[in-house]
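Read in order, the letters of the sequence shown correspond to residues -22 to -1, 1 to 240 in mature numbering (1 follows the signal peptide of the UniProt record, and there is no 0).
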Amino acid sequence: MKGNTILLSVLFLIISCQSAEVEDPNFIGRDKEKYISAKDGESKTLLKEILEKQTEFQSFKSEFSMQIQTFVPKKDNVSLDGKLYFSKDSKQIKIQLMDSFFGMVFTELIADPNQIQIKPTSTKEIQTLPMGDILIQDPNTGKKFAIPFPVIYEYLTGAYIGEIQSPKAKFNTNETRIALSKADGEYEYFFKAGKLDRLELASAKRGLKAIALVKTKPEQIHPPKEIITKVISLDTEKENVLIQIKLKKSQITEVPPNVFRF
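#1: Output the boundary residues of the alpha helix (DSSP H) element that contains Leu24.
#2: Cutting at 8 Å between CB atoms, please list the residues of its own chain near Tyr133, excluding the five before and the five after it.
#3: Return helix, strand or coil for Val192, following the three-state DSSP convention.
#4: When DSSP labels each residue in this structure, what does Ile112 get in the three-state scheme?
#5: Take Lys53 and list the residues in its own chain whose beta-carbon comes closer than 8 Å to its own, dropping the five residues that flank it on each side.
#6: If you draw a straight line from the C-alpha of Asp59 to the C-alpha of Glu11, how long is it?
#7: Asp67: which of Glu34, Gln45, Lys61 sits nearest, CA to CA?
#8: Going by DSSP in three states, Asn4 sits in which element: helix, strand or coil?
#9: Can you tell me where the alpha helix (DSSP H) holding Leu134 begins and where it ends?
#10: Just confirm the distance between the C-beta atoms of Lys39 and Thr231, as a whole number of angstroms; I'd bet it's less than 8 Å.
#11: For the putative contact between Phe42 and Leu225, defined by C-beta atoms under 8 Å, what is the C-beta separation to the nearest angstrom?
#12: Closest by CA to Gln95, which one among Ile73, Phe149, Thr154, Ile156?
#13: From which residue to which residue does the alpha helix (DSSP H) around Tyr138 run?
#14: Name the DSSP beta bridge partners of Leu186, please?
#15: Tell me whether Phe238 sits in a helix, a strand or coil according to DSSP, three-state version.
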């Protein structure tokens, strides 16, 4: 996990600063008695309605601003900027993290459905890890915070469309919710007017709950305008971190394969 730690340790060291408050969403959670099998007729009808309303997740590039608000051991705010690239063919994402003041890239991240590669620009070392959490480590206290990257990845790439079609999925048709148990935790997808509105994750293995909300305009589902992610510790039920990503200057365009290299 060394590369993950380097990523956000550098972030804290370079750009810790005061910033605006991030919206604090509530975790809804699952009501297991309300779910039916994917084979049920009502489930098939709901899935068909949702799939008919999905947008095509085209390749794009975008700039973004990010705010990270931490709460343990003390409340702190971090701001940074970056660039984001997505290829619909390879399902790869590349993120360049930059300090807000100088605009210098200090970390690059490349992710696909199976793995995350991280490279701080200050070194030649590339860390390759399974798709999963990114760790924040505050260099002053050594405290670590887990950010479940899959919930952000699924929003940006449309990977959730494949997930909800799993024969193992469970459907809450009254509340247009689809739940899926995966190796790393319990995922739940909340839909509104056929569009993904919220994604929740509960992982006993990782000791966390996570919420991801998307804010966008009906005419611009992809890429979204804003994603808010909240991470809650299972043992204390207290929030660890809030992350707000605002995409700007987004452009639907083909991204050359060589972009997804360090």
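Even glycine gets a Cβ: it sits at the ideal position worked out from N, Cα and C.
Taking the structure as given:
#1: On the sequence shown, position 46 is the one that residue 24 refers to. Leu24 -> alpha helix (DSSP H) spans 19 to 30.
#2: Locating residue 133 in the sequence shown gives position 155, counting from the first residue. Sequence-distant Cβ neighbours of Tyr133 in its own chain, meaning closer than 8 Å and more than five residues away, are Leu174, Leu177, Ala190, Val192, Pro202, Ile205.
#3: Position 214 of the sequence shown, counted from the start, is the residue given in the question as residue 192. Of the three classes helix, strand and coil, the one that applies to Val192 here is strand, per DSSP.
#4: In the sequence shown, the residue the question calls residue 112 occupies position 134. Ile112 falls in the strand class under three-state DSSP.
#5: On the sequence shown, residue 53 is found 75 positions in, with the first residue counted as 1. Correct list, in chain order: Gln47.
#6: On the sequence shown, position 81 is the one that residue 59 refers to. On the sequence shown, position 33 is the one that residue 11 refers to. If I take the Cα positions, the gap works out to 43 Å.
#7: Position 89 of the sequence shown, counted from the first residue, corresponds to residue 67. Residue nearest to Asp67 within the set Glu34, Gln45, Lys61 is Glu34 (criterion: CA-CA distance).
#8: Your numbering for residue 4 matches position 26 in the sequence shown. Coil.
#9: As a position in the sequence shown, residue 134 is number 156, starting the count at 1. Its alpha helix (DSSP H) spans residues 127 to 135.
#10: Within the sequence shown, residue 39 is the residue found at index 61, counting from 1. Within the sequence shown, residue 231 is the residue found at index 253, counting from 1. Sure, about 6 Å apart at Cβ, within 8 Å.
#11: For the purposes of this step, residue 42 is identified with residue 64 of the sequence shown, where counting begins at 1. For the purposes of this step, residue 225 is identified with residue 247 of the sequence shown, where counting begins at 1. Indeed, because the Cβ distance is near 5 Å, the residues count as touching under 8 Å.
#12: To locate residue 95, count along the sequence shown from 1; it is residue 117. Looking at the Cα atoms, Ile73 is the closest of the given residues.
#13: For the purposes of this step, residue 138 is taken as residue 160 along the sequence shown, with counting starting at 1. If you look at Tyr138, you'll find it in the alpha helix (DSSP H) that goes 138 to 141.
#14: For the purposes of this step, residue 186 is taken as residue 208 along the sequence shown, with counting starting at 1. Paired residue(s): Ser181, Ser211.
#15: Here residue 238 refers to the residue found at position 260 when the sequence shown is read from its first residue. Helix, per DSSP.
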